[in-house]
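Residue numbers (our numbering), protein chains in the order written: chain A, 1 to 452; chain B, 453 to 744. For glycine and all other residues, C-beta sits at the position ideal for the given N, C-alpha and C. The structure under discussion appears below in the form of structure tokens.
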Amino acid sequence: MEKIKSPEESRKLLDKITYDLTRSIVKRDELTNFWYFILIMFAAVGLWGWGIQIRDGLGVTGMRDYVSWGMYIANFVFFVAISLIGFLISSALHLLKIQWSKPISRVAEQVAIAGVALAGIIIINDMGRPDRFLNVFLHGRFASPIIWDVTVVTTYLTISVLLFYIPLIPDLALLRDKGTDDIPKWKMKIYTILALGWKGNAEQYKLVYHAMRILMLLIIPVGLSIHTVTSWLFAATLRSGWDTTIFGPYFVAGAFVAGSAAVVIVMYAYRNRYGLKEYFGELQFDYMGKLLVFVSLVYLYFNINEFLVPGYKMKTAEGIHLANLFTGRYALMFWSTQLLGLIFPILLMLMKFFRRPLPLTIISGFVLVASWFKRYIIVIPTLEHPFLPVQNVPEHFKHYSPTSIEIMITLFSFMAALLIITVLAKMFPVITIWEYAEEKGIPREIISEPKK
Amino acid sequence: MTKKIYLLFVLVLVLAVQGMAQEWIVPDEYKSVENPLPYNLTNVQKGKDLYMKNCKSCHGDVGKHNGLPLVPPPPDVTSDIMQANTPGELFYRITHGRGGMPQFETTISEDDRWRLVNFIRNYNPDVEPVLVEAPPKKAKLLASVNEADKKVEIFAEVENTDKQFVELPEATVKISAKKAFGNLPIGEVLTNKDGRAEFVVPETLIGDENGLVNIVVELEDNFITDQVVLDAAKVGQPKPLPKLIRKEILWSTNENVQSWLLLSYLGAVGAAWLSIAYVVFQIFKIWKAGKK
């Protein structure tokens with residue numbers, strides 16, 4: 001914390017910070033409209049595909065008797081993965097009192113909310129009869145690992161929303177009190193309602209800190225379990241490629257890689273679009289690069305365990321599966337994800353030059369795309385090798401390739417996730433103003449004093 | 453390969469020619485052995501049953517000359533070749549067999565072999581036949597279950613020439629248990645001179661899960677009766693029910709769930725949502741604190 005400034009200085013600085021951080025809320029130009037148009041159009045195309053799928057059934061997908069989990073489940077695992085970054089940055093690093101990550105917390109929470117919300121929607125995508133969705137809750141079986149998934153996704157979504165909302169309350173009050181006339185009236189109304197009559201007294205600050213602390217502690221086991229139980233969907237079966245005990249930590253490590261990359265990309269977009277170069281500075285990118293290297297190294301370590309140990313043994317079914325990944329049908333995808341999504345990024349990001357904003361964002365793009373394909377490789381090749389000998393089965397039952405409907409619906413999920421992030425960025429400041437102001441040495445009384 | 457087939461062919465031919473050429477001579481001491489069992493309906497009937505089980509597959513239906521086309525051909529029961537044998541010769545041939553004809557010394561008891569001889573003699577022109585294919589008679593069959601003694605009590609009547617029903621003596625009553633795929637024969641009993649019979653149900657009979665058996669009582673073939681079905685008689689052993697659903701396995705129903713899974717699930721979810729509820733309560737308190 002910097003040394004306490006005089007009230008005049010403080011007010012000036014606070015005005016500047018507020019002005020900078022409300023730019024995303026105020027700014028609405030052609031580009032914003034175009035961006036909304038693109039997102040809504042593609043999302044609508046995906047919804048149209050979903051309509052076709054509901055009308056004609058899951059036969060419109062490439063999934064058949066043997067490969068019964070396709071692109072949807074791979075996509076689901078991807079979205080669960082990127083949502084996990086919320087817990088790493090806004091809770092784990094926060095509790096460790098790490099300063100540089102504080103401005104990123106809300107970005108991480110945005111990514112988390114978008115990711116976990118879409119993960120839930122994708123599961124409904126994958127259902128042939130979405131009208132029976134409630135049965136999952138009414139007739140769920142406790143002996144099935146899937147029940148964890150359903151509850152943990154909803155719990156994590158709730159906690160993420162709360163963890164997004166509670167630090168937002170003082171900001172909402174600040175916008176309510178000090179917001180300029182550029183902010184649309186309806187947004188101001190929403191701020192007034194959501195600010196819950198915030199006065200900025202000591203008791204309220206105490207309560208906010210208390211609630212945040214509980215949520216940060218709570219989100220650690222829930223966040224860890226969300227991706228661990230996702231891995232149980234696979235690890236609780238006896239199929240080659242899935243029947244492994246390290247799947248829980250393997251998934252969690254992979255999730256941090258994907259999530260960090262997603263956060264870097266969103267950060268870069270805010271930095272350039274909303275002129276936040278001071279807030280998402282070189283320092284933040286440098287540390288995010290280091291964090292990405294660290295989690296990538298952990299993930300690499302798990303990858304080595306995951307593939308080299310069975311690679312020694314080459315048990316019958318496992319051997320076929322591994323050969324398929326290393327040299328067979330999936331070799332190109334497998335080695336691309338490992339090299340472009342893990343090994344090359346690690347090597348490059350070890351150098352300071354590549355941890356600067358633009359290079360890091362480009363690398364993160366590769367990492368993010370690779371981690372999507374990584375999930376595809378986890379789900380599909382295993383299903384293409386049924387253990388029982390199959391006979392007199394149409395050839396297309398044994399192989400899977402996604403149909404255009406599946407690609408459309410997957411596209412919808414990407415667009416919907418971006419739409420959620422965009423709406424959140426357009427609605428609320430992308431950095432916690434009051435926390436940032438306090439860091440800069442502005443006293444609380446000035447932050448919460450009403451407009452002159 | 454062709455050489456082997458050729459050899460096999462020659463071997464079969466030699467054996468066949470030998471079989472035809474060499475006469476099957478029964479030693480003299482056996483020829484004159486007398487049948488120790490009386491020639492009566494019961495023994496002939498038993499012999500018929502044995503014939504049906506053991507001989508018919510090669511020798512064919514009696515009088516139809518439809519035995520298997522083997523070399524030498526198995527003769528029909530009514531044929532001259534068969535009937536030229538004395539009872540002792542028949543017994544010897546059944547006992548020892550030769551070539552295609554198997555020996556029954558070890559599989560059919562001596563008495564039963566003599567009953568077979570009785571059955572064959574029934575078709576001898578010099579012997580008065582006892583097994584006559586008479587038109588079936590009308591009969592009445594009554595049966596009840598004595599659950600305490602695990603007995604089936606039977607009473608049979610037959611229509612006489614005056615169209616009157618009188619007690620049916622010496623008739624075979626077949627008892628079976630109704631099972632999912634047909635009737636399981638569990639025994640036979642002869643009626644006494646009063647037309648009555650008692651059948652003790654074997655201890656080993658297995659019923660349904662409560663030990664209930666559906667018992668079917670029938671008269672022998674040459675009577676026209678309705679079979680009597682005694683439903684749900686408590687005379688059998690209870691059927692052991694194998695547990696088809698094991699407890700505590702993956703994906704099983706909620707009744708079979710592992711207690712540790714249920715506890716950890718409900719504990720974790722309950723704790724998480726209680727904490728969430730507490731946080732929501734804090735939000736409420738923030739709102740209240742703002743009103744001061």
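Q) Along the chain, which unbroken stretches of the beta strand (DSSP E) at least 3 residues long are found entirely within the region 601-631 of chain B? A) 603-611, 617-619 and 624-631
Q. Any idea what DSSP makes of alanine 720(B), helix, strand or coil?
A. Translated into positions along the second sequence, residue 720(B) becomes position 268. Alanine 720(B): helix per DSSP, three-state reduction.
Q: Closer than 8 Å, Cβ to Cβ, to anything on chain A: give me those residues from the region 724-742 of chain B, in chain order.
A: Ala724, Trp725, Ser727, Ile728, Tyr730, Val731, Val732, Gln734, Ile735, Lys737, Ile738, Trp739, Ala741 and Gly742
Q. For lysine 505(B), does the count of other Cβ atoms within 10 angstroms reach 16, so buried, or fall short, so exposed?
A. As a working mapping, residue 505(B) is identified with position 53 in the second sequence. With fewer than 16 Cβ atoms within 10 Å of its Cβ, lysine 505(B) is classed as exposed.
**Q.** Range covered by the alpha helix (DSSP H) that runs through proline 310(A)
**A.** The residue you call residue 310(A) lines up with position 310 of the first sequence. 282-313 is the span of the alpha helix (DSSP H), which, as asked, contains proline 310(A).
Q: Taking serine 471(A) as part of the alpha helix (DSSP H), name the residues at either end of that continuous run.
A: Nothing can be reported for residue 471(A), as the shown portion of chain A is limited to 1 through 452.
Q) Who are the near neighbours of alanine 255(A) in its chain, counting only those whose CB is closer than 6 Å to its CB and skipping five residues on each side? A) Taking the first residue of the first sequence as 1, we reach residue 255(A) at position 255. Ala81, Leu84 and His227, listed in sequence order.
(Q) Distance check for serine 101(A) and glycine 62(A), CA to CA, integer angstroms please. (A) Taking the first sequence and counting its residues from 1, the one referred to as residue 62(A) is at position 62. Taking the first sequence and counting its residues from 1, the one referred to as residue 101(A) is at position 101. The alpha-carbon atoms of glycine 62(A) and serine 101(A) are separated by roughly 42 Å.
(Q) Between which residues of its own chain and lysine 626(B) is the CB-CB distance below 6 Å, once the five residues before and five after are set aside? (A) Walking along the second sequence from the start, residue 626(B) turns up at place 174. Only Glu640 and Glu670 meet the Cβ criterion.
Q) What residues from chain B crowd round valine 222(A), counting only those whose CB sits closer than 7 Å? A) If you number the first sequence from 1, residue 222(A) lands on position 222. Listed along chain B are Ala724, each with a C-beta nearer than 7 Å to that of valine 222(A).
Q.
With H, G and I counted as helix, E and B as strand and the rest as coil, what does DSSP make of leucine 388(A)?
A. In the first sequence, counting from the first residue as 1, residue 388(A) sits at position 388. In this structure, leucine 388(A) counts as coil in the three-state DSSP scheme.
Q) Among Leu196(A), Gly70(A), Trp198(A) and Ser6(A), which residue has its Cα nearest to the Cα of serine 401(A)? A) Residue 401(A) sits at position 401 when you count from the first residue of the first sequence. Of the candidates Leu196(A), Gly70(A), Trp198(A) and Ser6(A), the one whose C-alpha sits nearest the C-alpha of serine 401(A) is Gly70(A).
Q. Interface residues of chain A around tryptophan 703(B) at Cβ under 8 Å?
A. Numbered from 1 along the second sequence, position 251 holds the residue referred to as residue 703(B). Near tryptophan 703(B) (Cβ distances below 8 Å), the residues of chain A are Arg141, Ala143 and Ser144.
Q. Which residues of chain B have a Cβ atom closer than 8 Å to the Cβ of glutamate 449(A), listed in chain order?
A. Locating residue 449(A) in the first sequence gives position 449, where the first residue counts as 1. Here the premise fails: no neighbours, minimum Cβ distance about 15 Å.
Q: Just the C-alpha distance for aspartate 501(B) and leucine 459(B), rounded to the nearest angstrom, thanks.
A: As a first step, residue 501(B) is located in the second sequence; it is residue number 49 there, counting from the start. As a first step, residue 459(B) is located in the second sequence; it is residue number 7 there, counting from the start. Looking at the two C-alpha atoms, the distance is approximately 41 Å.
(Q) For lysine 398(A), tell me which candidate among Ile407(A), Lys16(A) and His385(A) has the shortest Cα-Cα distance. (A) Sequence index remark: in the first sequence, residue 398(A) carries index 398 (1-based). Ranking Ile407(A), Lys16(A) and His385(A) by Cα distance to lysine 398(A) puts His385(A) first.
Q | Any non-hydrogen atom of the ligand NAP within 7 Å of serine 24(A) CB | A | Annotation note on the ligand NAP: not contained in the displayed structure, which lists no ligands.
Q.
Would you say tryptophan 198(A) lies against chain B (beta-carbon separation less than 8 Å)?
A. Taking the first residue of the first sequence as position 1, residue 198(A) is located at position 198. Yes, tryptophan 198(A) lies at the interface with chain B (some Cβ there is under 8 Å from its Cβ).
Q: Confirm, please, whether the CB-CB distance from alanine 623(B) to glutamate 655(B) is below 8 Å.
A: Within the second sequence, the letter at position 203 stands for residue 655(B). Within the second sequence, the letter at position 171 stands for residue 623(B). Against a cut-off of 8 Å, the Cβ pair of alanine 623(B) and glutamate 655(B) comes out as no contact.
Q | Opening and closing residue of the alpha helix (DSSP H) in which phenylalanine 142(A) lies | A | Along the first sequence, read from residue 1 onward, the residue named residue 142(A) stands at position 142. Phenylalanine 142(A): not part of any alpha helix (DSSP H); DSSP gives it neither H nor E.
Q: Go through its chain and collect everything with a Cβ distance to leucine 95(A)'s Cβ below 7 Å, but skip five positions before and after it.
A: As a position in the first sequence, residue 95(A) is number 95, starting the count at 1. A distance below 7 Å between beta-carbons, with the five flanking residues on each side excluded, links leucine 95(A) to the following residues of its chain, in chain order: Met216.
Q: State whether the region 292-306 of chain A contacts the region 376-384 of chain A, with contact taken as three or more CB pairs (one from each stretch) at a distance under 8 Å.
A: no
Q: Quickly, what does DSSP pair alanine 591(B) with across the bridge? List them, please.
A: Mapped onto the second sequence, residue 591(B) falls at position 139. The partner list for alanine 591(B) (beta bridge, DSSP) reads Val610(B).
Q | Option in Ala629(B), Val618(B), Phe571(B) and Asp578(B) with minimal Cα separation from valine 597(B) | A | Locating residue 597(B) in the second sequence gives position 145, where the first residue counts as 1. With distances taken between CA atoms, valine 597(B) lies nearest to Ala629(B) out of Ala629(B), Val618(B), Phe571(B) and Asp578(B).
Q) Who are the near neighbours of glycine 311(A) in its chain, counting only those whose CB is closer than 7 Å to its CB and skipping five residues on each side? A) What you label residue 311(A) is simply residue 311 of the first sequence in a count that begins at 1. Excluding positions up to five away in sequence, the list reads Leu322.
Q) Can the beta-carbon of glutamate 762(B) be found less than 8 Å from the beta-carbon of lysine 699(B)? A) In the structure as shown, chain B starts at 453 and stops at 744, and residue 762(B) therefore has no counterpart that could be examined.
Q) Alpha carbon to alpha carbon, what distance is there between threonine 677(B) and glutamine 616(B)? A) The count along the second sequence starts at 1 and reaches residue 616(B) at position 164. The count along the second sequence starts at 1 and reaches residue 677(B) at position 225. Distance between the alpha carbons of glutamine 616(B) and threonine 677(B): 15 Å.
Q. Is it the case that the Cβ atoms of leucine 368(A) and alanine 253(A) are separated by a distance below 8 Å?
A. Start at 1 with the first residue of the first sequence, and residue 368(A) comes out as number 368. Start at 1 with the first residue of the first sequence, and residue 253(A) comes out as number 253. Result no, Cβ atoms of leucine 368(A) and alanine 253(A) do not sit closer than 8 Å.
Q) Just to confirm, are leucine 277(A) and serine 24(A) a CB contact at a threshold of 8 Å? A) Counted from its first residue, the first sequence places residue 277(A) at position 277. Counted from its first residue, the first sequence places residue 24(A) at position 24. It is lysine, not leucine, that sits at residue 277(A) in the sequence shown. No, the pair does not count as a contact, with Cβ atoms beyond the cut-off.
**Q.** Neighbourhood of glutamine 710(B) by C-beta distance below 6 Å, restricted to the same chain and skipping five residues each side
**A.** For the purposes of this step, residue 710(B) is identified with residue 258 of the second sequence, where counting begins at 1. Answer for glutamine 710(B): Glu700, listed in chain order.
Q) So who's on the other strand from serine 83(A), going by DSSP bridges? A) The residue given as residue 83(A) occupies position 83 in the first sequence. The partner list for serine 83(A) (beta bridge, DSSP) is empty, contrary to what the question assumes.
Q) Is it right to say histidine 511(B) is buried, meaning 16 or more other beta carbons lie within 10 angstroms of its own, or is it exposed? A) On the second sequence, residue 511(B) is found 59 positions in, with the first residue counted as 1. By the neighbour-count rule (16 or more Cβ atoms within 10 Å), histidine 511(B) is buried.
(Q) List, in chain order, every chain B residue whose beta-carbon is nearer than 9 Å to that of isoleucine 159(A). (A) Translated into positions along the first sequence, residue 159(A) becomes position 159. The contacting residues are Ala724, Ser727, Ile728 and Val731.
(Q) Just verifying my parser: in three-state terms, what is the DSSP assignment at alanine 684(B)? (A) Translated into positions along the second sequence, residue 684(B) becomes position 232. The answer is strand: DSSP assigns alanine 684(B) an E or B state.
Q. Any Cβ of chain A within less than 8 Å of the Cβ of leucine 696(B)?
A. Walking along the second sequence from the start, residue 696(B) turns up at place 244. Cβ-Cβ to chain A under 8 Å: no for leucine 696(B).
Q: Please check if any C-beta of chain E sits within less than 8 Å of the C-beta of threonine 327(A).
A: Reference to chain E is not applicable here, since the protein chains of this structure are A and B.
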